[in-house]
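Visitor: Have a look at the structure that comes next, please.
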Amino acid sequence: MAEIEVKVNGRSYRLACEDGEEDHLLQLVEHIDNHAKNLAKSAPRASDAQLMLMAGLMVGDELSDALDRVEEFEVGARAQARAEQSTGTAAQAVLESAAKRIEELAGRIRSA
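If you're matching positions, the sequence shown starts at 48 in our numbering and goes up one per residue.
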């Protein structure tokens with residue numbers, strides 16, 4: 048287990064994480080720190096706890112939006128897959144019908 052020291056809005060915090068996850072944790076902290084700093088500028092009287100809560104809500108809102116977009120893409124991908132499957136099935140039926148007609152015509156030619 049690794050430990051790293053991070054700063055959010057100028058305050059230091061010591062955090063533990065799995066070995067190898069340090070860089071990822073630092074990126075997450077940087078994202079939260081950016082929100083906290085921007086919030087501190089617009090709400091200079093907010094406490095650290097309030098800033099952290101608001102920053103957390105902003106990150107949660109970003110995550111919610113991202114999950115909504117992922118769901119939209121998944122729904123679209125499933126619809127496209129169904130359409131492609133339906134098109135493929137229809138094309139296969141047309142080809143089978145054409146093959147059957149060709150066989151019938153070939154049979155008539157042989158009989159003639």
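Where a beta carbon is used, it is the ideal one built from N, C-alpha and C, also for glycine. Please read all numbers here as calculations on a predicted model, not as lab measurements.
(1) Does the distance from the C-beta atom of A83 to that of A63 stay below 8 Å?
(2) What is the DSSP secondary structure of R92, reduced to helix, strand or coil?
(3) For the beta strand (DSSP E) holding E68, just list the boundary residues, first then last.
(4) Should the segment 96 to 113 be called in touch with the segment 124 to 131, which here means at least 3 C-beta pairs below 8 Å?
(5) Name the DSSP beta bridge partners of R61, please?
(6) If you measure between the beta carbons of A87 and A93, is that distance less than 8 Å?
Guide: On the basis of the supplied data:
(1) No. Outside cutoff.
(2) R92 falls in the coil class under three-state DSSP.
(3) No beta strand (DSSP E) holds E68; DSSP gives it neither H nor E.
(4) The segment 96 to 113, when compared against the segment 124 to 131, does not touch it at the 8 Å Cβ threshold.
(5) R61 is bridged to E52.
(6) Yes. Within cutoff.
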